[in-house]
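The listed protein sequences correspond, in order, to chains A and B. Counting from 506, one number per residue, gives the positions in the first sequence under this note's numbering. Counting from 506, one number per residue, gives the positions in the second sequence under this note's numbering. Scroll down for the structure; my scribbles are underneath it.
Protein chains: 2
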Amino acid sequence: MDNFYGIILAGGAGTRLWPLSRELSPKQLLELFGTDSLIKRTVNRLTKLVSEDQVVILTSERLFDEIRNHMLSGKPSYRGVRYLLEPAARNTAPAVLFAAWRIAKEDPDAVIGVFPSDHYIERDDALLAAVRFAADVARQGWLVTFGLKPERPETGFGYIEAGDTILAGGGFHALRAARFTEKPDRATAERFVSSGNFFWNSGMFVFTVSDIIEAGRKYFPEAIEALETLDELDEEEYAERAREIFEGITAISIDYAIMEKSDRVAVIPVDIGWKDVGSLPAIEEFYEKDAAGNVRIGKIVDLDSENSIFYSDSRLVAGIGLKDMMVIDTRDATLVCPKERAQDVGKLAGLLKERSADEFLAHRYSLRPWGSFVLLEKGPNFQIKLIEVKPGMKLSEQLHNHRSEHWIVVGGTAKVTIDGEERTVHTNESVFVPISARHRLENPGKIPLRIIEVQSGEYLGEDDIVRFDDEYGRSEAPG
Amino acid sequence: MDNFYGIILAGGAGTRLWPLSRELSPKQLLELFGTDSLIKRTVNRLTKLVSEDQVVILTSERLFDEIRNHMLSGKPSYRGVRYLLEPAARNTAPAVLFAAWRIAKEDPDAVIGVFPSDHYIERDDALLAAVRFAADVARQGWLVTFGLKPERPETGFGYIEAGDTILAGGGFHALRAARFTEKPDRATAERFVSSGNFFWNSGMFVFTVSDIIEAGRKYFPEAIEALETLDELDEEEYAERAREIFEGITAISIDYAIMEKSDRVAVIPVDIGWKDVGSLPAIEEFYEKDAAGNVRIGKIVDLDSENSIFYSDSRLVAGIGLKDMMVIDTRDATLVCPKERAQDVGKLAGLLKERSADEFLAHRYSLRPWGSFVLLEKGPNFQIKLIEVKPGMKLSEQLHNHRSEHWIVVGGTAKVTIDGEERTVHTNESVFVPISARHRLENPGKIPLRIIEVQSGEYLGEDDIVRFDDEYGRSEAPG
Numbered sequence: 506m507d508n509f510y511g512i513i514l515a516g517g518a519g520t521r522l523w524p525l526s527r528e529l530s531p532k533q534l535l536e537l538f539g540t541d542s543l544i545k546r547t548v549n550r551l552t553k554l555v556s557e558d559q560v561v562i563l564t565s566e567r568l569f570d571e572i573r574n575h576m577l578s579g580k581p582s583y584r585g586v587r588y589l590l591e592p593a594a595r596n597t598a599p600a601v602l603f604a605a606w607r608i609a610k611e612d613p614d615a616v617i618g619v620f621p622s623d624h625y626i627e628r629d630d631a632l633l634a635a636v637r638f639a640a641d642v643a644r645q646g647w648l649v650t651f652g653l654k655p656e657r658p659e660t661g662f663g664y665i666e667a668g669d670t671i672l673a674g675g676g677f678h679a680l681r682a683a684r685f686t687e688k689p690d691r692a693t694a695e696r697f698v699s700s701g702n703f704f705w706n707s708g709m710f711v712f713t714v715s716d717i718i719e720a721g722r723k724y725f726p727e728a729i730e731a732l733e734t735l736d737e738l739d740e741e742e743y744a745e746r747a748r749e750i751f752e753g754i755t756a757i758s759i760d761y762a763i764m765e766k767s768d769r770v771a772v773i774p775v776d777i778g779w780k781d782v783g784s785l786p787a788i789e790e791f792y793e794k795d796a797a798g799n800v801r802i803g804k805i806v807d808l809d810s811e812n813s814i815f816y817s818d819s820r821l822v823a824g825i826g827l828k829d830m831m832v833i834d835t836r837d838a839t840l841v842c843p844k845e846r847a848q849d850v851g852k853l854a855g856l857l858k859e860r861s862a863d864e865f866l867a868h869r870y871s872l873r874p875w876g877s878f879v880l881l882e883k884g885p886n887f888q889i890k891l892i893e894v895k896p897g898m899k900l901s902e903q904l905h906n907h908r909s910e911h912w913i914v915v916g917g918t919a920k921v922t923i924d925g926e927e928r929t930v931h932t933n934e935s936v937f938v939p940i941s942a943r944h945r946l947e948n949p950g951k952i953p954l955r956i957i958e959v960q961s962g963e964y965l966g967e968d969d970i971v972r973f974d975d976e977y978g979r980s981e982a983p984g
Numbered sequence: 506m507d508n509f510y511g512i513i514l515a516g517g518a519g520t521r522l523w524p525l526s527r528e529l530s531p532k533q534l535l536e537l538f539g540t541d542s543l544i545k546r547t548v549n550r551l552t553k554l555v556s557e558d559q560v561v562i563l564t565s566e567r568l569f570d571e572i573r574n575h576m577l578s579g580k581p582s583y584r585g586v587r588y589l590l591e592p593a594a595r596n597t598a599p600a601v602l603f604a605a606w607r608i609a610k611e612d613p614d615a616v617i618g619v620f621p622s623d624h625y626i627e628r629d630d631a632l633l634a635a636v637r638f639a640a641d642v643a644r645q646g647w648l649v650t651f652g653l654k655p656e657r658p659e660t661g662f663g664y665i666e667a668g669d670t671i672l673a674g675g676g677f678h679a680l681r682a683a684r685f686t687e688k689p690d691r692a693t694a695e696r697f698v699s700s701g702n703f704f705w706n707s708g709m710f711v712f713t714v715s716d717i718i719e720a721g722r723k724y725f726p727e728a729i730e731a732l733e734t735l736d737e738l739d740e741e742e743y744a745e746r747a748r749e750i751f752e753g754i755t756a757i758s759i760d761y762a763i764m765e766k767s768d769r770v771a772v773i774p775v776d777i778g779w780k781d782v783g784s785l786p787a788i789e790e791f792y793e794k795d796a797a798g799n800v801r802i803g804k805i806v807d808l809d810s811e812n813s814i815f816y817s818d819s820r821l822v823a824g825i826g827l828k829d830m831m832v833i834d835t836r837d838a839t840l841v842c843p844k845e846r847a848q849d850v851g852k853l854a855g856l857l858k859e860r861s862a863d864e865f866l867a868h869r870y871s872l873r874p875w876g877s878f879v880l881l882e883k884g885p886n887f888q889i890k891l892i893e894v895k896p897g898m899k900l901s902e903q904l905h906n907h908r909s910e911h912w913i914v915v916g917g918t919a920k921v922t923i924d925g926e927e928r929t930v931h932t933n934e935s936v937f938v939p940i941s942a943r944h945r946l947e948n949p950g951k952i953p954l955r956i957i958e959v960q961s962g963e964y965l966g967e968d969d970i971v972r973f974d975d976e977y978g979r980s981e982a983p984g
């Protein structure tokens, strides 16, 4: 698969799984569905087909650090994948064309596969075999989609009506896509399911970069024009204007903008163990239930509840007599909601966004290339973090203009440099970093370094940081 | 009211309001019902009648520190009240006789009023006027109870049937108590309410110490025998054996043991704005509801909930579409329960007790004579507290055999003495207390001293403390 590139769509913020997901910890980063996060599963799957540098994660500038930290952390980690940053979030049509346009510049003969980062797929091999076949179909000039056999008359999905067979091979058939229907009503959905030639639209695509750009030029020219304008910018202009230009493109899905309009669309029916994780009750499909039908994750005590979901990060959650409810408890926020109202979680998260609530933006736990931290407590003029630095890793050399920091080592050994003076700090020792002192923290040891950091000062924002030297190529971002 | 003593029953642990109440933070200490805690309201009411040293709080050794710290903390604080410690918890009959026995030794002519510490009473003056009258009735040889006009056919309370008038005065009537009925069935309760001469048993009593002891000797002799046995013990024997002896007494309420049996019982009907706070939905009576009938206390966001109770200590609680539910969120535990299942909260708390759950025993927030602390985080070999020391107060001189402590001052100024060496530590400075160092912390200033304490060691129990000098007469207890 030499000319093949896997494009992973990872720009979505995803609020429907709040409080598990946050604006900066979208669904694809959650380690709740199977052993790894959905985005790591997606990357891992593609690396069975192509090398890591043929995997391109398409995301936003805002999410970039979070996603890269996630990809670098834990096991497995992925250092070789590439990142493309959309200038603005304008739904999938502009995003896919942006990626195709960029890939075409380095490989005009490229075939790209487009994969959401937040879908659960059980059978990697089945999908990969279908993708190989799809690449052949794409090289014959087709825009290829993958169709899922509908399991129920779901009204929230898109359906593709399949026509005649175009090509067969490797156990797959590519059928002409006759019609796209988004979110049908119940009766229509039932008819689709019973007819046998309708498929759920999986949101995955394969095409050559030249075909999709040509289709874009024909059906969605404003996007191509914007991409051409971006090409004319030098680096400085790009930094200043790309966002504005990209925001000028209509926000529209690739299905609406191109697939529905083109007569060169093929659909390959696949059976890949796909699961929707679009709302919190999806958790139920990944955990064993107790005798009363409850899913319990974390420290739970319960009397008489039925068919309910209990999730707790760390604290004790107690239920009495709940029926068909969800109780989702995280370090800084708890949600209680009937399962049948799960579709309104996004609306609630929207309310929090309007109020600029911390609990909407991010979790108190945060990954960094060098390890992680948890914000334990915020008080007037102080905050406390538990910082973990992986063996051999170091933080950037930095200073803060508004806060001093007390570091107490509670596990492992730290190498600390303050204003050029280096010292070793052992477990149960502490060190003080005055305001404006240049400092660097490093774990020279073989086990994780754990530090309690008490920050003290009149302004404690993560953006009070001046970086001098960073292993990870960061300059402004926190930590 | 020279010979009058107010006895406040404060030995109950109270699990029915969990997670708001804990074994060591029973209902009477909660600041949830009106401005002060129920026990402070009870003390305050009695001090309008008698001096502080005529107010005696009867509690257990286990709860003593918690209750005294509570009485000394905040405003108003009560330094002059006295404490009597029951050797064991054996319900109200042994407790009341124990208190009467002790009071009789210092004042054989004493009249005592017995008051629960966890009842809400709106109209102090109405009760106090009734108590004055009751003291007169008691001096004529009656055991006096107070009857509440029943507001509904409640099946969980005790009822007193009233007979002829014995005495009238000051706008009150003392009626002969004809019969006691505990927890009637629904039909009986309805008949009681409509009859007009039945009253709820308020659990408050007035009698002379000699009369109640005489009645005890007649109807509950085993208790009097045990009290006589206790009298024979010297101090050392008392410390060793009192608990065992007291535990030998049948655990029974004063209603069952004495009131129901005596023919010298009077009931004084009172109208005092009494409210039952026996279970969590009682919260509703103390807070304003929103248009949909919800009570919201703390940081709450909600969509479409109705007639529900939301309570949050500190974190964000979000509800969607809840009906007649309670969500009670504290620092270390969350309870979700339909209001109609509130009576099962005690059962749930019982499960937690069986498991020796920290969340059953105590809150993470704890008062001390010198201030307070919050346990912010427990980790492997470390824990973090935020300690607040009131101006002018000092902790005991102490040492720990298994932990060292890092103190970081985040507000105010500390005077710290370590192994005899005294130093002043200002905001944003820190100090290290090594294992086994004798140390003392003091707030010499005029504003509260706030310290982040990071404890580090292999054993972090509160009982790892050796005290050398304590302002508050403690030797073993924590802090």
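Where a beta carbon is used, it is the ideal one built from N, C-alpha and C, also for glycine.
Residue j beta carbon less than 9 Å from that of residue i
i             : j             : result
residue 554/A : residue 506/A : yes
residue 675/A : residue 634/A : yes
residue 691/A : residue 772/A : no
residue 933/A : residue 894/A : no
residue 761/A : residue 608/A : no
residue 789/B : residue 814/B : yes
residue 618/A : residue 593/A : no
residue 657/A : residue 698/A : yes
residue 686/B : residue 663/B : yes
Buried versus exposed, by CB contacts within 10 Å (16 or more), residue i
i             : result
residue 545/A : buried
residue 984/A : With a pLDDT of 42 at residue 984/A, under the threshold of 50, the modelled position of that residue is not reliable, and the figure given next carries that caveat. That one is buried.
residue 571/A : buried
residue 614/B : exposed
residue 532/A : buried
residue 931/B : exposed
residue 952/B : exposed
residue 540/B : exposed
residue 981/A : Reliability of the predicted coordinates at residue 981/A is poor, the pLDDT of 45 falling under 50, and the value obtained from them is presented with this limitation in mind. Residue 981/A should be labelled exposed.
residue 704/A : buried
Candidates the options: closest to residue i by CA position
i             : options                    : result
residue 794/B : 620/B, 681/B, 810/B, 580/B : 810/B
residue 945/B : 899/B, 578/B, 717/B        : 899/B
residue 861/A : 881/B, 865/B, 806/B        : 806/B
residue 867/A : 743/A, 523/A, 853/A        : 523/A
residue 823/A : 864/B, 821/B, 584/B        : 864/B
residue 910/A : 926/A, 943/A, 650/A        : 943/A
residue 621/B : 657/B, 561/B, 677/B, 583/B : 561/B
residue 601/B : 646/B, 512/B, 930/B        : 512/B
residue 591/A : 517/A, 834/A, 879/A        : 517/A
residue 677/A : 556/A, 733/A, 636/A, 808/A : 636/A
residue 919/B : 938/B, 939/B, 892/B, 954/B : 954/B
Alpha helix (DSSP H) segments (min. 4 residues) lying fully within the region 733-821 of chain A: For the region 733-821 of chain A, whole alpha helix (DSSP H) runs of length 4 or above, ordered along the chain, are 740-752.
Which runs of the beta strand (DSSP E) spanning at least 3 residues fall entirely within the region 828-906 of chain A, listed in chain order? With a minimum length of 3 residues, the continuous beta strand (DSSP E) runs that stay inside the region 828-906 of chain A are 830-834, 838-843, 870-873, 876-884, 887-894, 902-904.
Report yes or no: do three or more beta-carbon pairs, one from the region 898-913 of chain B and one from the region 959-970 of chain B, lie closer than 8 Å? As far as the Cβ criterion goes, the region 898-913 of chain B touches the region 959-970 of chain B, which means the pair count is three or higher.
Is there contact between the region 886-899 of chain B and the region 852-861 of chain A, where contact requires at least three CB pairs shorter than 8 Å? They do not touch, by the three-pair rule.
Would you list, in sequence order, the uninterrupted alpha helix (DSSP H) runs of no fewer than 4 residues that lie entirely inside the region 646-717 of chain A? Positions of the alpha helix (DSSP H) runs, each at least 4 residues long and wholly inside the region 646-717 of chain A, are given as 691-700 in order along the chain.
Please confirm if the region 821-839 of chain B is in contact with the region 773-781 of chain B, defined as three or more CB-CB distances below 8 Å between the two stretches. Of all C-beta pairs linking the region 821-839 of chain B to the region 773-781 of chain B, fewer than three are shorter than 8 Å, placing the two stretches out of contact.
At 3 residues or longer, and completely inside the region 514-595 of chain B: list those beta strand (DSSP E) runs for me, N to C. 560-565, 587-591, all fully within the region 514-595 of chain B.
Flag this pair as touching only if the region 875-884 of chain B and the region 919-930 of chain B have three or more C-beta atom pairs under 8 Å; answer yes or no. The region 875-884 of chain B and the region 919-930 of chain B do not touch, with fewer than 3 CB-CB distances between them shorter than 8 Å.
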